[in-house]
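Asker: At position 102 of the sequence shown the residue is numbered 106 (this note's numbering), and the sequence of numbers has no breaks.
Virtual Cβ for every residue (Gly too), placed ideally from N, Cα, C.
Quick one: the structure is below, and I'll ask about it shortly.
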Amino acid sequence: MTNPLGEFGRIDRFFKPLAAGFAGARGLADDAAVFGVPEGQELVVTVDAMVAGIHFLPDDPPGDIAAKLLRVNLSDLAAMGAEPYAYTLVTSLPRTLGEDWLAAFAAGLGEDQKRFGIQLAGGDSVSTAGPITLSVTAFGLVPRGQALPRRSERVGDPVFVTGTIGDAALGLQVVLGRLDGAGLEPQVARLRRPDPRVTVGPGLRGLAVSCIDVSDGLVADLGHLAEESGCAALLHAASVPVPAAVGGDPDRLALALTGGDDYELLFTAPEAARGALTALSAETGVAITEIGRTAPGPAGRVEVLDARGAPLPLARRGWDHF
């Protein structure tokens with residue numbers, strides 16, 4: 005059944021309220037938004053898309069889908085050391101999608117807008133005969149010249165990661181029916197609603213030398229960081245902060261290291277930054293753990309070591325769309 009609201013009815017009912025109070029959105033009445041960038045700041049821009057059946061299950065709660073869509077973009081901003089500012093939204097939805105779905109989706113966005121201090125600035129809405137496809141372009145602000153890069157000119161620095169690694173990978177196995185979900189409810193929650201480290205990212209300005217968010221998998225993203233820096237990296241698997249549910253299961257450990265969807269911050273910093281990182285962790289309530297070191301070697305190579313210092317073989321490094 006076709007949604008009777010139509011395109012502009014949907015915008016008026018569900019999306020205009022999300023833009024209220026943000027002058028640059030111009031009430032979603034104009035052809036484009038207008039942004040003013042405060043003096044001394046730079047605009048950081050990122051975009052991420054999500055497709056039903058690839059990034060989320062078609063029957064996932066729409067509020068969770070909305071939250072994840074926004075949060076994966078906020079994680080990119082955090083990895084650049086930027087603070088959330090505004091976002092645009094593109095929805096490609098089946099004509100048969102009901103108003104209840106749209107209302108819950110918009111409510112999920114609204115809740116996270118308040119939580120993370122960001123507002124809708126514009127977007128587009130189209131119909132599709134295919135799967136639900138969603139895209140957010142997020143804008144952040146960072147002091148001029150202080151955005152965090154992936155590339156480092158230094159070799160031998162410690163590698164750190166925030167939070168825990170592997171929750172979402174375990175949660176995905178639960179929702180796919182491959183693992184018993186008893187006791188893994190927090191992992192499913194992290195899969196559906198990741199925690200972008202929006203307080204840690206800006207705090208890393210002046211401390212981190214290079215930074216990336218963990219989306220494709222810890223091993224893969226450490227490889228991306230090393231590739232950009234023209235060096236190799238050592239990863240101590242026993243030091244990686246994995247959920248207790250991993251236990252001593254080697255298959256679960258491999259899944260945690262390579263599964264992805266963690267949206268934690270992975271970064272390098274000089275030895276001299278240790279004290280400041282400890283203080284940042286205490287201030288934000290987010291754990292920061294040393295897990296390895298960059299090293300001389302072929303660009304992008306990651307050597308994963310077990311507790312004895314021996315190479316830990318992995319069947320895959322992480323997620324790759326193609």
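(1) With three or more C-beta pairs closer than 8 angstroms as the rule, is the segment 140-147 touching the segment 258-275?
(2) By the DSSP assignment, the alpha helix (DSSP H) with Glu232 in it spans what residues?
(3) For Glu87, write down the residues that DSSP places opposite it in a beta bridge.
(4) Let me make sure I understand the geometry here. Which of Leu180, Pro88 and Arg148 has the alpha-carbon closest to that of Glu43?
(5) Leaving out five residues on either side along the sequence, give the residues of the same chain with a beta carbon under 7 angstroms from the beta carbon of Arg194.
(6) Taking one C-beta from the segment 148-157 and one from the segment 77-86 each time, how about it: are there three or more such pairs within less than 8 angstroms?
(7) Leu261 to Val38, Cα distance in whole Å?
(8) Apart from the five residues on each side of it in sequence, which residues of its chain come closer than 6 angstroms, Cβ to Cβ, to Phe109?
(9) Would you call the CB atoms of Thr298 and Ala237 closer than 8 angstroms?
(10) Does DSSP classify Glu294 as helix, strand or coil?
(11) When we look at the beta-carbon of Pro247 and count the other beta-carbons within 10 Å, is it buried (16 or more) or exposed?
(12) By how many angstroms is the C-alpha of Ala56 removed from the C-alpha of Pro62?
(13) Round the Cβ separation of Pro200 and Arg75 to the nearest angstrom and send it over; I've been treating them as touching at under 8 angstroms.
(14) Under three-state DSSP, which class holds Asp52?
(15) What does the alpha-carbon distance come out to for the pair Asp266 and Leu180?
(16) Can the beta-carbon of Leu32 be found less than 8 angstroms from the beta-carbon of Phe18?
(17) Give the secondary structure of Gly126 by DSSP, where H, G and I count as helix, E and B as strand, and everything else as coil.
(18) So, does the segment 201-217 touch the segment 229-244, judging by three or more C-beta pairs under 8 angstroms?
(19) Go through its chain and collect everything with a Cβ distance to Phe326's Cβ below 8 angstroms, but skip five positions before and after it.
(20) Where Val49 and Gly127 are concerned, what is the direct C-alpha to C-alpha distance, given to the nearest angstrom?
Answerer: Taking the coordinates as given:
(1) no
(2) Leu222 to Ser233
(3) Leu145
(4) Arg148
(5) Asp171, Ala172 and Gly175
(6) yes
(7) 42 angstroms
(8) Pro66 and Ala70
(9) yes
(10) strand
(11) buried
(12) 5 angstroms
(13) 5 angstroms
(14) strand
(15) 17 angstroms
(16) no
(17) strand
(18) yes
(19) Reliability fails at Phe326, whose pLDDT of 44 lies under 50, so the model's placement of it is uncertain and the value that follows must be treated cautiously. There are no such residues.
(20) 15 angstroms
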